[in-house]
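Adding 7 to a residue's 1-based position in the sequence shown gives its number in this note's numbering.
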Amino acid sequence: MMVFKRRGMDDTEADKLADKLLQVDRDQTGQVTCHLCQHFNPRRKTCGNFRSAGVGQEVGELAAMAQRCAGYQEARQ
Numbered sequence: 008m009m010v011f012k013r014r015g016m017d018d019t020e021a022d023k024l025a026d027k028l029l030q031v032d033r034d035q036t037g038q039v040t041c042h043l044c045q046h047f048n049p050r051r052k053t054c055g056n057f058r059s060a061g062v063g064q065e066v067g068e069l070a071a072m073a074q075r076c077a078g079y080q081e082a083r084q
């Protein structure tokens, strides 16, 4: 949850996303969210690797959706 708060989310939003990711992890689907990726700019909600990811540069609400992403690279903690 702390990584989400450092990336600009409020407590409620961070809690919801952490719960969603816990369930995704338990399901072992291999899905992630933009908030876990080093290419994501949380203040602008943009993707620095959008071409590889197959999305537009501005990801908006897509950032919080659990998904498989070809451009994903785990964020450095």
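Quick reminder that beta carbons are idealized off the backbone N, C-alpha and C, glycines included. Model, not experiment: these values are computed from the prediction.
Residue closest to residue i, alpha-carbon to alpha-carbon, out of the options
i, options, result
"A82", "T40, L24, D17, D32", "T40"
"Q74", "Q64, K23, K27", "K27"
Residue i, buried or exposed, once every other Cβ within 10 Å from all chains shown has been counted against 16
i, result
"L29", "exposed"
"L70", "Position check: residue 70 holds Ala in this sequence, whereas Leu was assumed. By the neighbour-count rule (16 or more Cβ atoms within 10 Å), A70 is buried."
"A21", "buried"
"A60", "buried"
Residue i, enclosing alpha helix (DSSP H) - first and last residue
i, result
"A73", "Note, A73: premise wrong, no alpha helix (DSSP H); not H, not E."
"R58", "57–60"
Cα-Cα separation, residue i to residue j
i, j, result
"R58", "Q35", "26 Å"
"A25", "E68", "16 Å"
"D32", "Q38", "8 Å"
"R50", "G15", "7 Å"
"D17", "G55", "23 Å"
"V62", "F11", "21 Å"
"R13", "A77", "24 Å"
Three-state secondary structure (DSSP) of residue i
i, result
"T19", "helix"
"V39", "strand"
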